[in-house]
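Numbering (the numbering used here), first residue to last: 975 to 1323. Each residue gets a CB set at the ideal place from its N, CA and C atoms; glycine is no exception. These notes are about the structure you will find just below.
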Ligand code: IVH
C-alpha cells in the first residue's frame, strides 16, 4: 500500500477508536492494539514529514510552546447569562418569554467557555470567551483534549461552543501530585481548568486530563436545525460530547421538578456544575426574543446555592509557585464536600 494511504487509514482508525473510547465510553480494541497503531503512525510521520498534519491524532500529546496567546475577535459575540436563584425567578422568566414555550434544561457546567472553529471539518482554532468580543487563541492546548474531535465526520465549516472542564477525578489527582511536590494547590476544578488552558507549554496541558461538553452550534439554522434539541443532536452526530442530562420540558413546573432532581444527585457526577441553564427550544423564537445589552432573553441560568461544611485544621504548609510567590495551604481533617473528599485547601485568599 502507498505510504500516504497507510497514514490516512491509520489516522481514520485512530480517530474512530478515540471517539469510541472518549465519547461512547466503549472500545472495540485493546490499549495494546491502539498503542501499536499509534506508534506505527508516529514512526511514519517521522520518516515522511511531507505528510505532517496538525490535526493528526499523534498531535494530542502537545509539544507547542508559545510565549503568549494571540487575541482574536469572535465572528459572533459570546454572551453570558442572566441569573435566577428561586422558583419565582424562573416563573418570571417564563412570564417574560410567553408561557406556552417548550423549554430546554441542561446542566450548567462549571468550567470555562470555549469557541472552536472547524473549516472543512478540520479543527481550525479554539478561542476563550475573553470579554465576549475578543478572545485568546488557545488552540494548541485545546487540541490536546482527547474527547474533542480534530477532524469531523463531515467536511463542514462550523463554530461550536461549550465548556472546557476538569473532571473531579483529574482535579484530585493533580492536587495530590502538587501537594507532594510542595506546589500551591488549585482552589477548585474551574481554576485548575483555566490554569491548564493558559499553559504556554501544551505538553503540560495535555497531561491535565481536561474534558469538554458542547452546547451551542453557531447559526444552527443554516445546518437545517429548527430547535436547540436538533442542534445538540447535530453536534452529537459530528462526534462532539454533548451532556446526556439535558431535558426538554413543557412549562416551568416541569423544569423546576427536574432541577430539584439534579440538585439531589449532582454530587455523583465527576464534574462540577453550578446550576442549570434553561433555554427556549425553538430557534426562531430565540431570534424573536433576542438579546438585551448583555444577555439573551431566551435563556437563563438557575444557580444552586453554594455548599458549606466545617472541619478541623491539622496543619498549614507553605508552597512556592513558579513565579516565586508563596501560598499558604491547609491540611484538613478529611471532609465530604460537593461529592469529593477534601483533605487539602488553598488559603490563597
Ligand atoms: S449557554 C448565549 N449553556 O455559563 C448563551 N452556558 O453564566 C450562552 N455555561 O458563559 C451560554 N453550561 O460559559 C450555556 N449548558 C450551558 C452552560 C453554559 C455552562 C457557562 C457559559 C456561560 C456562563 C454564563
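Just curious, the beta strand (DSSP E) that residue i is in, first and last residue?
{"i": "residue 1291", "result": "1287-1294"}
{"i": "residue 1321", "result": "Here residue 1321 belongs to no beta strand (DSSP E), and DSSP marks it neither H nor E."}
{"i": "residue 1303", "result": "1300-1311"}
{"i": "residue 1098", "result": "1096-1102"}
{"i": "residue 1273", "result": "1273-1277"}
{"i": "residue 1253", "result": "1247-1254"}
Compare the Cα-Cα distances from residue i to each of the options and report the closest residue.
{"i": "residue 1181", "options": "1060, 1144 and 1009", "result": "1144"}
{"i": "residue 1246", "options": "1098, 1043, 1109 and 1142", "result": "1142"}
{"i": "residue 1288", "options": "1304, 1299, 1282 and 1277", "result": "1304"}
{"i": "residue 1064", "options": "1271, 1172, 1184 and 1239", "result": "1271"}
{"i": "residue 1062", "options": "1274, 1015, 1299 and 1284", "result": "1274"}
{"i": "residue 1208", "options": "979, 1301, 1042 and 1192", "result": "1192"}
{"i": "residue 1114", "options": "1165, 1038 and 1216", "result": "1038"}
{"i": "residue 992", "options": "975, 1025 and 1031", "result": "1031"}
{"i": "residue 1047", "options": "1097, 1112, 1197 and 1107", "result": "1107"}
{"i": "residue 1162", "options": "976, 1320 and 985", "result": "1320"}
{"i": "residue 1028", "options": "1097, 1215, 1243 and 1168", "result": "1097"}
{"i": "residue 1168", "options": "1103, 1059 and 1055", "result": "1103"}
{"i": "residue 1014", "options": "985, 1084 and 1159", "result": "985"}
{"i": "residue 1290", "options": "1041, 1213 and 1306", "result": "1306"}
{"i": "residue 1228", "options": "1212, 1252, 1239 and 1205", "result": "1252"}
{"i": "residue 1092", "options": "1111, 1124 and 1085", "result": "1124"}
{"i": "residue 1164", "options": "1301, 1112 and 1087", "result": "1087"}
{"i": "residue 1166", "options": "1203, 1022 and 1085", "result": "1085"}
{"i": "residue 1241", "options": "1203, 1285 and 1280", "result": "1280"}
{"i": "residue 1188", "options": "987, 1049 and 1213", "result": "1213"}
{"i": "residue 1099", "options": "1066, 1049 and 1230", "result": "1049"}
{"i": "residue 1137", "options": "1006, 1177 and 1216", "result": "1216"}
{"i": "residue 1154", "options": "1292, 988, 1308 and 1310", "result": "1292"}
{"i": "residue 983", "options": "1310, 1012, 1262 and 1006", "result": "1012"}
{"i": "residue 1308", "options": "1285, 1023 and 1203", "result": "1285"}
{"i": "residue 1311", "options": "1198, 1282 and 1243", "result": "1282"}
{"i": "residue 1199", "options": "1022, 1260, 1239 and 1157", "result": "1260"}
{"i": "residue 1295", "options": "1211, 1152 and 1234", "result": "1152"}
{"i": "residue 1033", "options": "1223, 1020, 1043 and 1202", "result": "1020"}
Leaving out five residues before and five after residue i in sequence, what residues of the same chain have Cβ atoms less than 6 Å from its Cβ?
{"i": "residue 1018", "result": "981"}
{"i": "residue 976", "result": "none"}
{"i": "residue 1195", "result": "1257"}
{"i": "residue 1057", "result": "1275 and 1277"}
{"i": "residue 1299", "result": "none"}
{"i": "residue 1051", "result": "1106 and 1107"}
{"i": "residue 1156", "result": "1293"}
{"i": "residue 1022", "result": "977"}
Identify, in the order they occur along the chain, each residue of the same chain with its Cβ nearer than 7 Å to the Cβ of residue i, setting aside the five sequence neighbours on each side.
{"i": "residue 1185", "result": "1119, 1121, 1139 and 1141"}
{"i": "residue 978", "result": "1025"}
{"i": "residue 1175", "result": "1039"}
{"i": "residue 1264", "result": "1271"}
{"i": "residue 1179", "result": "1036, 1115, 1118, 1170, 1171 and 1173"}
{"i": "residue 1221", "result": "1079 and 1232"}
{"i": "residue 1249", "result": "1082, 1275, 1276, 1277 and 1278"}
{"i": "residue 1149", "result": "1159, 1160 and 1318"}
{"i": "residue 1230", "result": "1061 and 1064"}
{"i": "residue 1316", "result": "1306, 1308 and 1309"}
Which whole-angstrom value is the C-beta distance of residue i and residue j, which I expect to be below 8 Å?
{"i": "residue 1076", "j": "residue 1256", "result": "7 Å"}
{"i": "residue 1002", "j": "residue 994", "result": "6 Å"}
{"i": "residue 1089", "j": "residue 1135", "result": "5 Å"}
{"i": "residue 1146", "j": "residue 1094", "result": "About 39 Å separates the two Cβ atoms, so there is no contact after all."}
{"i": "residue 1055", "j": "residue 1269", "result": "6 Å"}
{"i": "residue 1128", "j": "residue 1045", "result": "Between residue 1045 and residue 1128 the Cβ distance is about 30 Å, and since that is not below 8 Å, they are no contact."}
{"i": "residue 1301", "j": "residue 1322", "result": "5 Å"}
{"i": "residue 997", "j": "residue 1254", "result": "With a Cβ gap of about 27 Å, residue 997 and residue 1254 do not count as contacting."}
{"i": "residue 1043", "j": "residue 1112", "result": "6 Å"}
Quick check on the DSSP output: the alpha helix (DSSP H) that includes residue i runs from which residue to which?
{"i": "residue 1325", "result": "The chain is shown from 975 up to 1323; residue 1325 falls before or after that span and cannot be answered."}
{"i": "residue 1233", "result": "1226-1239"}
{"i": "residue 1206", "result": "1202-1211"}
{"i": "residue 1263", "result": "1257-1263"}
Who are the near neighbours of residue i in its chain, counting only those whose CB is closer than 8 Å to its CB and skipping five residues on each side?
{"i": "residue 1219", "result": "1080, 1081 and 1236"}
{"i": "residue 1053", "result": "1106, 1265, 1268, 1269 and 1270"}
{"i": "residue 1183", "result": "1140, 1141, 1143, 1144, 1147 and 1148"}
{"i": "residue 1000", "result": "994"}
{"i": "residue 987", "result": "1011"}
Does the Cβ of residue i lie closer than 7 Å to at least one heavy atom of the ligand GDP?
{"i": "residue 1270", "result": "You won't find the ligand GDP in this model; what it holds is the ligand IVH."}
Cβ of residue i less than 8 Å from any chain B Cβ?
{"i": "residue 1003", "result": "The structure shown contains no chain B, having only a single protein chain."}
Write down every uninterrupted run of the beta strand (DSSP E) in the region 1107-1187 whose length is 3 residues or greater and which is fully enclosed by it, in chain order.
Within the region 1107-1187, the complete beta strand (DSSP E) runs of at least 3 residues are 1108-1110 and 1132-1139.
Entirely enclosed alpha helix (DSSP H) segments - the region 1009-1089, minimum 4 residues
List check, alpha helix (DSSP H) in window: 1061-1071.
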